[in-house]
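**Q** Residue numbers (our numbering): 6 to 132. This is the structure I want to talk about, given as structure tokens.
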Ligand SMILES: [Zn+2]
Ligand SMILES: [Zn+2]
């Protein structure tokens, strides 16, 4: 693995919440490491292809994949308040979706599975 890849992976490993390429650039800068955001973006795209990380469209950030050895679609529940992100996979859910697509004669090319809401901790703060 090249130096920029290792540095970006380290940042993702340390964080629970989704981050943008600019966030990563700032975090690296604080550690005295300079990477331009184009490089970071390229590294992130590669990680997404390799399933090492995922792009979360609803919040526009990237997270480290926590289920790399699991089959099936990786799904997310993202807290809109603290940004904590739970990743999970559910084979039965995938099968159900495939069945629905089959019944519609639909060919799925891009699959997004993100739920946005409040995590257990943030929900407790609410009256
Ligand atoms: Zn994943
Ligand atoms: Zn939360």
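Built from N, CA and C at the ideal position, the CB exists for glycine as well. Small disclaimer: the values here were computed from a predicted structure and weren't measured.
1) Could you check if residue 61 is buried or exposed, using at least 16 other CB atoms within 10 Å of its CB as the buried criterion?
2) Is it buried or exposed for residue 67, if we count other Cβ within 10 angstroms and need 16 for buried?
3) I'd like to know whether the C-beta atoms of residue 120 and residue 93 end up nearer to each other than 8 Å.
4) At the level of alpha carbons, what is the spacing between residue 39 and residue 10?
5) Is residue 86 close to ligand 2? I mean its beta-carbon at under 7 Å from any heavy atom of the ligand.
6) Using 7 Å as the cut-off, classify the Cβ of residue 61 as near or not near the heavy atoms of ligand 2, replying yes or no.
7) What whole-angstrom Cβ distance do residue 78 and residue 106 have, given they're in contact under 8 Å?
8) Work out the CA separation of residue 16 and residue 32 for me, nearest whole Å.
9) Report buried or exposed for residue 54, applying the criterion of at least 16 other Cβ atoms within 10 angstroms of its Cβ.
**A** So, from the data block:
1) buried
2) Classification for residue 67: buried.
3) For residue 120 and residue 93, no; Cβs fall outside 8 Å.
4) 13 Å
5) yes
6) Within the chosen limit of 7 Å, ligand 2 does not reach the beta carbon of residue 61 with any heavy atom.
7) That belief does not hold up - the Cβ atoms of residue 78 and residue 106 are roughly 12 Å apart, past 8 Å.
8) 7 Å
9) Classification of residue 54: exposed, given that the 10 Å Cβ count is below 16.
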